[in-house]
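Enquirer: Once you've had a glance at the structure underneath, I'll fire off some questions.
In our numbering, the protein residues as written are 131 to 307.
See below:
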């Protein structure tokens, strides 16, 4: 959020209408996670779309409530952000599906804790000349190790981007990643 300053909206009027027809708000709940609480209230995220919630450790809760006011609900998860507790809380509020966007840290946390049941990878014709570009995941202890591969469920072109959708499968026995 700090780097990209996204609005994160459902841009399609038809999709918003479809959500409304299902008794859902036009925009899904927008969720963010922070350890530091250093989230600027001027970010676009807070000012577009529907309801928002921030999950954080106890140490950041007061700071966030003061900074964000009524822009978002703030949920403290204890001494550290516990993703399992966060998912339980979201479930208690009727959230059944969660799309996780972020960097290598958040992806690594969800994957190493076995909390992702589907992965969507977008391959875009953009070349990064940085010798140390951001990675999809960081080093981590992933369940099943390199023998636990995912199954390719779908390949779809979206303009000039290719979307790959992966689902978990049983251990392949393969020693390659």
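Cβ atoms here follow ideal geometry from the backbone N, Cα and C, with glycine treated the same way.
Note the first and the last residue of the continuous beta strand (DSSP E) segment covering residue 280.
Expert: From DSSP, the beta strand (DSSP E) with residue 280 extends over 280 to 288.
Enquirer: Counting beta carbon pairs with one atom in the segment 239 to 248 and one in the segment 210 to 217, are three or more of them shorter than 8 Å?
Expert: Contact between the segment 210 to 217 and the segment 239 to 248 is present, because at least three Cβ pairs lie under 8 Å.
Enquirer: Short of 8 Å in beta carbon distance, which residues of its chain neighbour residue 187, apart from the five on each side in sequence? Order them along the chain.
Expert: So the qualifying residues of the chain are 165, 206, 207, 208, 209, 210 and 211.
Enquirer: Using a Cβ-Cβ cutoff of less than 7 Å, which residues in the same chain neighbour residue 138 once the five nearest sequence positions on both sides are dropped?
Expert: Cβ within range, chain order: 160, 175 and 179.
Enquirer: By the three-class DSSP mapping on this structure, what secondary structure does residue 162 have?
Expert: In the structure shown, residue 162 sits in a strand (DSSP, three-state: E or B).
Enquirer: Buried or exposed: residue 163, going by 16 or more other Cβ atoms within 10 Å of its Cβ?
Expert: Its Cβ being crowded by 16 or more others within 10 Å, residue 163 is buried.
Enquirer: I'd like to know whether the C-beta atoms of residue 184 and residue 202 end up nearer to each other than 7 Å.
Expert: Cβ distance < 7 Å, so residue 184 and residue 202 count as in contact.
Enquirer: Report buried or exposed for residue 135, applying the criterion of at least 16 other Cβ atoms within 10 angstroms of its Cβ.
Expert: Residue 135 is exposed by the Cβ-count criterion.
Enquirer: Checking 7 Å against the spacing of the C-beta atoms, do residue 173 and residue 229 come in under that value?
Expert: No; because the gap between Cβ atoms is not below 7 Å, this pair is not in contact.
Enquirer: Please report the distance separating the alpha-carbon of residue 152 from that of residue 261.
Expert: The straight-line gap from Cα to Cα measures roughly 47 Å.
Enquirer: Mind checking residue 182: buried by the 16 CB within 10 Å criterion, or exposed?
Expert: Burial call: buried.
Enquirer: For my contact list, residue 287 and residue 295 are in at a C-beta cut-off of 8 Å; report their separation, rounded to the angstrom.
Expert: At roughly 13 Å, the Cβ-Cβ gap does not stay under 8 Å, so residue 287 and residue 295 are not in contact.
Enquirer: Specify the secondary structure class of residue 215 as computed by DSSP and reduced to three states.
Expert: Helix, per DSSP.
Enquirer: Going by C-alpha distance, which of 255, 298 and 146 is nearest residue 274?
Expert: Nearest of 255, 298 and 146 to residue 274, Cα basis: 298.
Enquirer: Kindly indicate which three-state DSSP category residue 142 falls into: helix, strand or coil?
Expert: Three-state result, residue 142: coil.
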